[in-house]
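**Student:** One point on numbering: in UniProt numbering, the residue at position 39 of the sequence shown is 39, and numbering is uninterrupted. All C-beta atoms, glycine included, are put in the ideal place defined by N, C-alpha and C.
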Amino acid sequence: MQVYTFLTTTLDTLVLLPSFIKFFRQAKNHSFSPGNITVVFLAFVLNLAFSLSLLCFVIMHASLLSSNTTSVEVYEKKKTVRWKYDLGWKRNFEQVFGANKALWFLPMFSKKDLENIPALYGVEFPTRSDTEE
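(1) DSSP state of Ala99, grouped into three classes?
(2) For Thr127, which of Ser19, Thr5, Gly88, Phe20 has the nearest alpha-carbon?
(3) With H, G and I counted as helix, E and B as strand and the rest as coil, what does DSSP make of Thr13?
(4) Which parts of the stretch 38–86 are runs of the beta strand (DSSP E), unbroken and 3 residues or longer, counting only runs that do not cross its ends?
(5) Going by other Cβ atoms of all chains shown within 10 Å of its Cβ, with 16 needed for buried, is Thr38 buried or exposed?
(6) Suppose you measure from the CA of Thr9 to the CA of Tyr75; what does that come to, to the nearest Å?
(7) Could you tell me the distance, in whole angstroms, from the CA atom of Thr69 to the CA atom of Leu42?
(8) What residues in its chain sit with their C-beta under 6 Å from that of Asn100, if we drop five residues either side in the sequence?
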């Protein structure tokens, strides 16, 4: 969901960019009304700030996904030992989004995913074989 919001706000920012540039080019002529100046400037700056903050969240959650941790676990666990639930970035990704690539951008799982990935039920989670229970 964060990715979709990031893409939308980035698209909004790109759509506002020509008006923002035009605003500064025509500022010498004073051809904009004060209301237009405020709307264009604030909309562009707020969209840009929101897009950049969402980009930071997307990057943070991608790193959490690649190591199979939650934001709470990242601050609780010790960094010296590899996390026992970290199965590698590909298997971690498949645990969250499923094995069917066609459904990765939709909020659903296939029947095969529900049968083969026990973590989707939230009760049991696979661990690496080289860790102690």
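**Tutor:** According to the structure data:
(1) Annotated three-state conformation of Ala99 is coil, per DSSP.
(2) By alpha-carbon distance to Thr127, the top candidate from Ser19, Thr5, Gly88, Phe20 is Gly88.
(3) Of the three classes helix, strand and coil, the one that applies to Thr13 here is helix, per DSSP.
(4) None, since the stretch 38–86 contains no complete beta strand (DSSP E) of that length.
(5) Classification of Thr38: exposed, given that the 10 Å Cβ count is below 16.
(6) So the two alpha carbons sit approximately 30 Å from each other.
(7) Spanning the two alpha carbons is a distance of roughly 37 Å.
(8) The beta carbon of Asn100 lies closer than 6 Å to those of Ser110 in the same chain, with the five residues before and after it left out.
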